[in-house]
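Below is one structure, written out as structure tokens, with a few remarks after it.
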Amino acid sequence: GDMGEAWLTDHTAGAGPYVLKEWSRKISVVLVANENYWQGAPKIKTIIIQDIPEPTDQLLRLKKGDIDIAWNLTAEQANSLKGSPDISIVTTPGQSDEYVGMNAGWGPFKDVRVRQAVKYAIDYDAIIDKVMSGFAINNQQFLPVGYFGYVENNPYSQNIEKAKELMAEAGYADGFDVELVTNTTERRRTEAVVVQENLAKIGIRAEINVMQASQMYAKFREQGLQMIIAGWGVDYPDADALAHPFANHRVKQLAWRCVWYDDYAADLAEA
Numbered sequence: 001g002d003m004g005e006a007w008l009t010d011h012t013a014g015a016g017p018y019v020l021k022e023w024s025r026k027i028s029v030v031l032v033a034n035e036n037y038w039q040g041a042p043k044i045k046t047i048i049i050q051d052i053p054e055p056t057d058q059l060l061r062l063k064k065g066d067i068d069i070a071w072n073l074t075a076e077q078a079n080s081l082k083g084s085p086d087i088s089i090v091t092t093p094g095q096s097d098e099y100v101g102m103n104a105g106w107g108p109f110k111d112v113r114v115r116q117a118v119k120y121a122i123d124y125d126a127i128i129d130k131v132m133s134g135f136a137i138n139n140q141q142f143l144p145v146g147y148f149g150y151v152e153n154n155p156y157s158q159n160i161e162k163a164k165e166l167m168a169e170a171g172y173a174d175g176f177d178v179e180l181v182t183n184t185t186e187r188r189r190t191e192a193v194v195v196q197e198n199l200a201k202i203g204i205r206a207e208i209n210v211m212q213a214s215q216m217y218a219k220f221r222e223q224g225l226q227m228i229i230a231g232w233g234v235d236y237p238d239a240d241a242l243a244h245p246f247a248n249h250r251v252k253q254l255a256w257r258c259v260w261y262d263d264y265a266a267d268l269a270e271a
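Using the UniProt record's numbering, the first residue of the sequence shown is number 1, and each one after it goes up by one.
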């Protein structure tokens, strides 16, 4: 209830391997080993988590030896550390998705064949290599690796001829114009350029419109975008946290914003 949430604003409650010792807002958190942890006290007795929001600052402090672990470095920064004798780079599949969203209620995208053509037009490997510097995987589903229900299956790869055939079948052999919206981050802008170049190969003339994130998402929530490049993170590590946004239009999140009203998919998400 509200009282419980208010209490947790300045207190902790849990049975994990560490106990909160100190908390300085926007500065640091100090955790100490829970000697009563049910799996035994952890070997590392103290963990200090510092609030260093800028990846560049994290990188500098890591190189100087002021911190032991830097988290959320950019791909370029991580690659710059390769070969460093005193630093190890550890990677693991993440829990966030980069996606291209199409408004299934707008113009040419009403035809599923056009939406499929877009999927065949995109060079996924190029995005991973050029935009993500190799720190990403091709995962054509909403579930991250390791989640319940995850199946390793990527049915789409770049096939320009197949994409052109689908465009012709749908009556768009000469292509069409579309507004491709993304936000101001460098990665998303670069990603948009790659997608724009890919779409041009099948006659889709995408005009990139870079917006502030708040403006972009406000318009997206009103079903006001034709095409979008954005990302989605996981609220909690369970398939349910992603099935509803991506597949259930009734909750008015991603599926609804893209005007994808598939009742069968929604029923499966609610099952």
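Quick reminder that beta carbons are idealized off the backbone N, C-alpha and C, glycines included.
Owing to the predicted nature of the structure, the values given are computational and were not obtained by experimental measurement.
Close-in-space but distant-in-sequence residues of the same chain around residue i (CB under 7 Å, 5 per side omitted)
i: Glu189; result: According to the sequence shown, residue 189 is Arg rather than Glu. Counting only Cβ-Cβ distances below 7 Å, and skipping sequence neighbours, we find Thr182 and Val210.
i: Gln140; result: Asn154, Pro155 and Tyr156
i: Asp235; result: Ala241
i: Val32; result: Tyr18, Val19, Lys21, Lys45 and Thr46
i: Lys201; result: Ala121 and Ile160
i: Met102; result: Phe109, Arg115, Val118, Met227 and Cys258
Cβ shell of residue i (< 8 Å), same chain only, five flanking positions each side left out
i: Lys82; result: Ile89
i: Val193; result: Ile208
i: Ser24; result: none
Chain C within 8 Å of residue i, Cβ atoms only
i: Tyr147; result: In the displayed structure, chain C is absent; only one protein chain is listed.
Contact check, residue i vs residue j, beta carbons under 8 Å
i: Pro108; j: Gly146; result: no
i: Ile87; j: Leu62; result: yes
i: Gln77; j: Pro53; result: no
i: Ala239; j: Ala266; result: no
i: Asp51; j: Ile27; result: yes
i: Ile204; j: Phe176; result: yes
i: Asp174; j: Phe142; result: no
i: Ala269; j: His244; result: yes
i: Gly4; j: Gln95; result: no
i: Asp262; j: Asn198; result: no
i: Val251; j: Ala206; result: no
Presumed contact (8 Å Cβ cut-off) between residue i and residue j, rounded CB distance
i: Trp260; j: Ala41; result: That pair is no contact at about 49 Å.
i: Val100; j: Val195; result: 6 Å
i: Thr185; j: Gln212; result: At roughly 11 Å, the Cβ-Cβ gap does not stay under 8 Å, so Thr185 and Gln212 are not in contact.
Contact between the segment 168–187 and the segment 112–121 is defined here as three or more beta-carbon pairs at a separation below 8 Å; is this criterion met? yes
Unbroken stretches of the alpha helix (DSSP H), 4 residues or longer, contained in the segment 111–173: 112–121 and 160–169
Say whether the segment 72–91 touches the segment 221–233, bearing in mind that this needs 3 or more beta-carbon pairs closer than 8 Å, one atom from each stretch. no
In chain order, which continuous runs of the beta strand (DSSP E) of length 3 or greater are located wholly inside the segment 44–83? 46–50
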